[in-house]
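Participant: If you want this note's numbering, it's the 1-based position in the sequence shown plus 215. A virtual CB, placed ideally from N, CA and C, is assigned to each residue, including glycine.
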Amino acid sequence: MPVRTASCSCGQLSAITSADPVRVSVCHCLACQRRTGSIFGAQARFPANSVTIGGASKQFIRVGDAGSRTLFNFCPTCGSTVYYMTEGCEEHIAIPVGAFAEPSFPGPTVSVYEERMHSWVQMPKDIEHME
Ligand SMILES: [Zn+2]
Ligand SMILES: [Zn+2]
Numbered sequence: 216m217p218v219r220t221a222s223c224s225c226g227q228l229s230a231i232t233s234a235d236p237v238r239v240s241v242c243h244c245l246a247c248q249r250r251t252g253s254i255f256g257a258q259a260r261f262p263a264n265s266v267t268i269g270g271a272s273k274q275f276i277r278v279g280d281a282g283s284r285t286l287f288n289f290c291p292t293c294g295s296t297v298y299y300m301t302e303g304c305e306e307h308i309a310i311p312v313g314a315f316a317e318p319s320f321p322g323p324t325v326s327v328y329e330e331r332m333h334s335w336v337q338m339p340k341d342i343e344h345m346e
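(1) Output the residues surrounding ligand 2, defined as those with a CB atom closer than 6 Å to any ligand heavy atom, in chain order.
(2) Tell me which same chain residues have a C-beta within less than 8 Å of the C-beta of P186, skipping the five on either side of it?
(3) For the pair the region 299–308 and the region 276–287, tell me if three or more CB-CB distances fall below 8 Å.
(4) Answer yes or no: do S229 and A221 have a C-beta to C-beta separation smaller than 8 Å?
(5) For the candidate residues A246, E330, M345, M332, whose alpha-carbon lies nearest to that of I276?
(6) Output the boundary residues of the alpha helix (DSSP H) element that contains C223.
(7) Can you determine whether any heavy atom of ligand 1 sits closer than 7 Å to the C-beta of S295, and answer yes or no?
(8) Relative to the C-alpha of S253, which candidate in H333, D341, H344 has its C-alpha closest?
(9) I'd like the list of long-range same chain contacts for Q274, defined as Cβ closer than 6 Å, with 5 residues on each side in sequence excluded.
(10) Measure from the alpha carbon of M338 to the alpha carbon of each residue in F255, M216, V218, C225, then state which is nearest.
(11) Kindly examine ligand 3 and report whether one of its heavy atoms sits closer than 7 Å to the Cβ of S240.
(12) Can you give me the start and stop residues for the beta strand (DSSP E) that Q258 sits inside?
(13) With the cut-off set at 8 Å, would you say I231 and F261 are in Cβ contact?
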């Protein structure tokens, strides 16, 4: 299994993964746009037992439209989000794809909230569309 390291901008907070992601998705919702500062979020989901966290983090809880609570862990020094999980689904940990800084990382298979997608963005042709 491939071992990969995700980290924040300053390198203090890291997440080492020892399995391939079980799902890679992008989300165009406005909350993901605000969180990332980019125009969509790209995230990979891993089994929690394949992820090793190192360093200190602060947490922000985002409550979704349907009442779901997602716990974002970010570096208190540089502010990058390195991992997060949704309450009730703690068997999975999501990691922003960009935190791996690995251009060959597996691409997304799911695209969420496309009604918020910026007009110039194009998704891969065979991607699954949700919501
Ligand atoms: Zn940092
Ligand atoms: Zn989103």
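Facilitator: According to the structure shown:
(1) For ligand 2, residues qualifying as neighbours are C242, C244, A246, C247, G256, Y328, where qualification means a beta carbon closer than 6 Å to at least one of its heavy atoms (chain order).
(2) No information on residue 186 is available, as it lies outside the stretch 216 to 346 that the chain covers here.
(3) Yes, since at least three Cβ pairs between the region 299–308 and the region 276–287 fall closer than 8 Å, the two stretches touch.
(4) Residue 229 sits at position 14 when you count from the first residue of the sequence shown. Residue 221 sits at position 6 when you count from the first residue of the sequence shown. It is a contact, given that the beta carbons lie within the stated cut-off.
(5) Within the sequence shown, residue 276 is the residue found at index 61, counting from 1. Measuring from the Cα of I276, the nearest candidate turns out to be A246.
(6) In the sequence shown, counting from the first residue as 1, residue 223 sits at position 8. Unbroken run through C223: none, as it is neither H nor E.
(7) Here the question's residue 295 lines up with position 80 in the sequence shown. Indeed, a heavy atom of ligand 1 lies less than 7 Å from the Cβ.
(8) Your numbering for residue 253 matches position 38 in the sequence shown. Minimum Cα-Cα distance from S253 among the listed residues H333, D341, H344 corresponds to H333.
(9) For the purposes of this step, residue 274 is taken as residue 59 along the sequence shown, with counting starting at 1. Result list for Q274: L286, N288, in chain order.
(10) Taking the first residue of the sequence shown as 1, we reach residue 338 at position 123. The shortest C-alpha separation from M338 is found at F255.
(11) In the structure on display, ligand 3 does not appear, and the ligands it does have are ligand 1 and ligand 2.
(12) Translated into the one-based positions of the sequence shown, residue 258 becomes position 43. Note, Q258: beta strand (DSSP E), 256–262.
(13) Counted from its first residue, the sequence shown places residue 231 at position 16. Counted from its first residue, the sequence shown places residue 261 at position 46. For I231 and F261, no; Cβs fall outside 8 Å.
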